[in-house]
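All residue numbers for the sequence shown refer to UniProt numbering, where the first residue is 1 and numbers rise by one.
Step one of this worksheet: look at the structure below.
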Amino acid sequence: MNRLFFRPEHCGMTKTDAAKKTLQEINPDVEIESYTMNITTLQGFDAFKQSLLGPKGSTSSRVDLVLSCVDNYEARITINQVCLELGQTWMESGVSEDAVAGHIQLLVPGVTACFQCVPPLVVASGIDERTLKREGVCAASLPTTMGIVAGMLVQAALKHMLGFGHVSAYLGYNSLKDFFPTMEIKPSTACVNGLCRTLTAAEEERRNSPEARAAREAEAAAAAAAAAEAAATPLHDDNEWGIEVVGDEAPAAAPASPGPDGSAASAASPAAASAAAVAAAAPLADGIEFSLPVDRGVDAATLEAEGIGAVGGSMGDLMAELAALSAGK
């Protein structure tokens with residue numbers, strides 16, 4: 001994602017200025033502030049934090065969401081610390097070293113795990129990241145992978161800020177297997193960041209308070225009532241065509257009536273009874289008659305008079321007759 005904005009004519013410009021120039025060319029109506037600094041230094045840390053606070057004297061963040069698109073773990077830890085101090089929600093993103101996988105992660109201070117709760121192996125091991133890079137050699141880069149991860153990040157940001165859909169705490173992407181794993185990552189009680197542990201304890205206390213429990217119960221009751229009301233409300237108030245929904249249950253069979261010899265005679269089938277009722281209730285106009293008996297049956301006399309019986313002859317004879325008919329003979 002650190003390469004998506006840049007073109008050959010940007011050579012010599014800083015990443016931030018080149019990105020600002022590209023974005024303003026796409027949409028000149030958007031106001032963009034460019035900051036060029038190393039946020040991993042003490043001076044850069046304070047400057048980065050102040051950029052989120054806005055005017056001097058402000059104590060809360062002026063932004064709705066921070067999107068992290070940096071290319072090293074040291075910068076991610078810095079962003080994590082600033083957002084913890086400000087209570088700022090942010091999203092972290094990254095592409096694997098082989099450029100065929102990536103992920104995005106939602107981080108809400110005190111609610112979800114911070115970046116240091118479940119750090120990557122290179123961070124947890126305390127290895128100096130700079131020793132893993134070779135001078136003059138760029139890391140693997142696939143614009144397609146970066147574009148996919150960037151799209152996932154923007155989609156999650158839209159859902160979070162506009163309040164629709166579900167934003168996963170962690171969404172991964174593996175291009176080799178077309179696999180998109182998701183998971184919920186809870187804060188770690190053993191997190192190395194003391195501020196994260198403090199915020200997590202405060203959030204846990206708030207969630208367990210009587211007021212919070214009552215609010216959750218009221219919200220659940222309101223959702224259940226809304227669902228019941230929606231289920232009871234018809235989708236369409238009018239029924240212009242008189243359409244009715246009939247259940248799948250078969251009607252109860254009529255009781256058997258005694259026959260002439262005293263034995264029980266079987267009742268008519270439900271289908272025959274239904275067809276007879278329809279025929280009796282809806283008399284046909286003159287000149288129109290049912291093509292089949294209402295009981296869907298054919299007696300022996302009708303079958304003998306109108307039925308087609310088997311005829312002798314082979315398949316070759318039949319083909320010859322068809323050919324003669326086609327030729328008009």
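Note that the Cβ used here is the ideal one computed from N, Cα and C, for glycine as well.
Predicted model, so just to flag it, every value in this text is computed and none were measured.
Item	Value
Cα-Cα separation, R213 to A220	11 Å
Inter-stretch contact at 8 Å, needing at least 3 Cβ pairs: the segment 108–124 / the segment 188–199	yes
Helix, strand or coil at I104 according to DSSP, with G and I counted as helix	strand
With 16 other Cβ atoms within 10 Å as the buried cut-off, status of H103	buried
Exposure label - W90; buried when at least 16 CB within 10 Å	buried
Rounded C-alpha distance that separates L158 from T22	21 Å
Through-space distance from I79 to L86, alpha-carbon basis	11 Å
Best match in L67, D17 and L153 for proximity to T36 [C-alpha to C-alpha]	D17
Environment of I39 [buried if 16+ CB atoms lie within 10 Å]	buried
Under the three-state DSSP convention, the category F5 falls into	coil
N-terminal and C-terminal residue of the beta strand (DSSP E) that L171 is part of	Y170 to N174
Contact set for Q105: own chain, Cβ-Cβ below 6 Å, skip 5 residues either direction	E92 and Y170
Sequence-distant residues of its chain with Cβ nearer than 6 Å to K15 (five each side left out)	none
Cutoff 8 Å; reference A232; Cβ partners in own chain excluding five residues on either side	none
Counterpart residues of F179 in DSSP-defined beta bridges	N174
Beta carbon of V118 nearer than 8 Å to that of I185	yes
DSSP state of V30 mapped onto helix, strand, coil	coil
Contact between the segment 164–179 and the segment 148–156 (3+ Cβ pairs under 8 Å)	yes
Cβ distance (whole Å) where L65 is taken to contact L199 below 8 Å	18 Å between Cβ atoms; not a contact.
Nearest-angstrom Cβ-Cβ length linking Q88 and L52, presumed shorter than 8 Å	7 Å
Sheet register partners of W90 (DSSP bridge)	V66 and L107
Cα-Cα separation between I288 and A320, rounded to whole angstroms	39 Å
Where A150 falls, given that 16 or more other Cβ within 10 Å makes a residue buried	buried
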